[in-house]
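Residue numbers (the working numbering): 1278 to 1766. In this text, a Cβ means the ideal position worked out from N, Cα and C, and glycines have one as well. Computed from a predicted model, the values in this text were never measured in an experiment. The block underneath contains the structure these notes are about, expressed in structure tokens.
Following this line, the structure appears as structure tokens:
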């Protein structure tokens, strides 16, 4: 072990990405006295997914009190489920309140990060060929930063406008247009009801039906706003109740009885809404609830019942100049194609290239699927930490998970400080044991059901994105840093 010539609180910490993850970590670091950190954001503005996703109807699919920091609850949300613009403003509010702006550099995209063994440092190379040296390197880029557009034959021949929902082209007038929406997931169930209000016709191309329950959105009463002691108590009580409800829902994934009850409740719910037998058949999933992310909408099914909205469940064969042809031989004309086809969450950290100790490539280390210890640390990648890393996504509050990760990484740096070492990384056997346990826990859930295919899974079926247990179980495992889990250099 080599003696450190400077303690971690004096070292340069570089965080890549400036969404909720980076803000959570920045606040945690400042509270602990780590002030030499820089947050690099590739875009000209902060915000991550809440900057990028400006499509009509964009909103959170979790209640606002749960999709916000536990220490910053007294925000005047207008709705129970906050719209995109309010979440974006909330992030700016947190950055201003906790004085993070001086730490943020915009328009700085990291293309490559290389660990320098002899110096125990990281060399970061930007797209503008700038080199940045860091003692601690943290990725906070998240899972939903790279849009996925399917490689459909003839896509380049289409004569109309086409774009991904996360890169919405607001210059395109959709009034009176025939619109093809490819995908029926979390984004589509929000923007399709909005564009249907102005389109002449909407074709919804659905590969797999989803379990979509009622959202129950509503305006927050004026008395819900404010910072009096009574209001503060009310906000925290509401958050606690929501937390308990989502924890209970998480348990359903590993209970056959609870899964069956959820399936029965969904079938009853959708049968009451959809009285068209042909449409109903298209909308009923053949896999159990909990297999995919739970979705909520108050207007998705009513929109699909509109006479000018058509659900197409036949696979797409090809795109031509004037529309889309499906494998059943039907041609669906379109003026505009919108891809609500999600992202590439299993391709962690792309397109960054990351090389650790002895030049080991992270993509190479992850050739069988991304894995890390607690989603935070990777063997042979010293002083490299991740926010929203492998197996930390979930259907509950990702903000709660990020707070736990921020605190854990901060504790890692404090542990490194006390050890008088230059660097730390998780032991290989600890990482392997942890991930074997993750796989074992998933084997008890509906998320590995034979008919379940979701963005959680790699091509081999391994789940590398999600946490298999409760939010509280992750809190328990990250409550402290066990020195015996790590190698110190």
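{"Check": "Residue 1429 vs residue 1368 beta-carbon contact at 8 Å", "Outcome": "no"}
{"Check": "Supposed contact pair residue 1346 and residue 1676 - C-beta distance, whole angstroms, cut 8 Å", "Outcome": "6 Å"}
{"Check": "Alpha helix (DSSP H) runs contained entirely in the region 1338-1414, provided each spans 4 or more residues", "Outcome": "1361-1374"}
{"Check": "Where the beta strand (DSSP E) through residue 1767 begins and ends", "Outcome": "The requested residue 1767 does not occur in the structure, where the chain is confined to residues 1278 to 1766."}
{"Check": "Local conformation of residue 1447 per DSSP, three classes", "Outcome": "coil"}
{"Check": "The region 1690-1706 / the region 1555-1565 touching (three or more Cβ pairs under 8 Å)", "Outcome": "no"}
{"Check": "Nonlocal neighbours in the same chain, by C-beta distance under 8 Å from residue 1754, ignoring five residues either side", "Outcome": "1651"}
{"Check": "Option nearest residue 1491 by Cα separation, candidates 1506, 1473, 1549, 1513", "Outcome": "1549"}
{"Check": "Sub-8 Å separation of residue 1748 and residue 1671 beta-carbons", "Outcome": "yes"}
{"Check": "Residue burial classification, residue 1480 (beta-carbon count within 10 angstroms, cutoff 16)", "Outcome": "buried"}
{"Check": "N-terminal and C-terminal residue of the beta strand (DSSP E) that residue 1701 is part of", "Outcome": "1701-1703"}
{"Check": "Ordered list of beta strand (DSSP E) runs contained in the region 1643-1670, each at least 3 residues", "Outcome": "1661-1663"}
{"Check": "Alpha-carbon to alpha-carbon, residue 1416 and residue 1637", "Outcome": "17 Å"}
{"Check": "Same chain only: Cβ atoms within 7 Å of residue 1281, ignoring 5 sequence neighbours per side", "Outcome": "With a pLDDT of 47 at residue 1281, under the threshold of 50, the modelled position of this residue cannot be trusted, and the question is left open."}
{"Check": "Segment limits, alpha helix (DSSP H) that includes residue 1694", "Outcome": "1675-1696"}
{"Check": "Beta-carbon contacts of residue 1349 that lie in its chain and below 7 Å, excluding the five residues immediately before and after", "Outcome": "1371"}
{"Check": "Same chain only: Cβ atoms within 7 Å of residue 1570, ignoring 5 sequence neighbours per side", "Outcome": "1463, 1672"}
{"Check": "Three-way DSSP call (helix, strand, coil) for residue 1496 in this model", "Outcome": "strand"}
{"Check": "Distance cut-off 7 Å: residue 1670 Cβ against heavy atoms of the ligand NAD", "Outcome": "Annotation note on the ligand NAD: not contained in the displayed structure, which lists no ligands."}
{"Check": "Extent of the continuous beta strand (DSSP E) to which residue 1603 belongs", "Outcome": "1600-1603"}
{"Check": "Beta-bridge pairing of residue 1512 - partner residues as DSSP gives them", "Outcome": "According to DSSP, which records beta bridges pairwise, residue 1512 is partnered with nothing at all."}
{"Check": "Residue 1478: first and last residue of the uninterrupted beta strand (DSSP E) it sits in", "Outcome": "1478-1482"}
{"Check": "Three-state class that DSSP yields for residue 1584 in the structure shown", "Outcome": "coil"}
{"Check": "Proximity of residue 1423 and residue 1624 at Cβ, strictly below 8 Å", "Outcome": "yes"}
{"Check": "Through-space distance from residue 1436 to residue 1744, alpha-carbon basis", "Outcome": "43 Å"}
{"Check": "Contacting residues, own chain, Cβ-Cβ under 8 Å from residue 1313 (five flanking each side not counted)", "Outcome": "1286, 1287, 1288, 1289, 1290"}
{"Check": "Segment contact flag, the region 1380-1389 with the region 1301-1319, C-beta cutoff 8 Å, min 3 pairs", "Outcome": "yes"}
{"Check": "Residue interval of the alpha helix (DSSP H) (run including residue 1543)", "Outcome": "1533-1550"}
{"Check": "Three-state secondary structure assigned by DSSP to residue 1432", "Outcome": "helix"}
{"Check": "Complete runs of the alpha helix (DSSP H) confined to the region 1283-1312 [at least 4 residues]", "Outcome": "1297-1308"}
{"Check": "The alpha helix (DSSP H) enclosing residue 1332, as first and last residue numbers", "Outcome": "Taken as a continuous stretch (DSSP letters only), residue 1332 belongs to no alpha helix (DSSP H), as it is neither H nor E."}
{"Check": "Beta-carbon proximity check, residue 1342 vs residue 1515, cutoff 8 Å", "Outcome": "yes"}
{"Check": "Range of the contiguous alpha helix (DSSP H) that encloses residue 1627", "Outcome": "It is not in any alpha helix (DSSP H) - residue 1627 carries neither H nor E in the DSSP assignment."}
{"Check": "Residues near residue 1408 in its chain [Cβ-Cβ closer than 8 Å; skip 5 each side]", "Outcome": "1400, 1401, 1402"}
{"Check": "Reference residue 1434; option with closest CA among 1661, 1583, 1454, 1596", "Outcome": "1596"}
{"Check": "Pairwise C-alpha distance: residue 1390 and residue 1663", "Outcome": "13 Å"}
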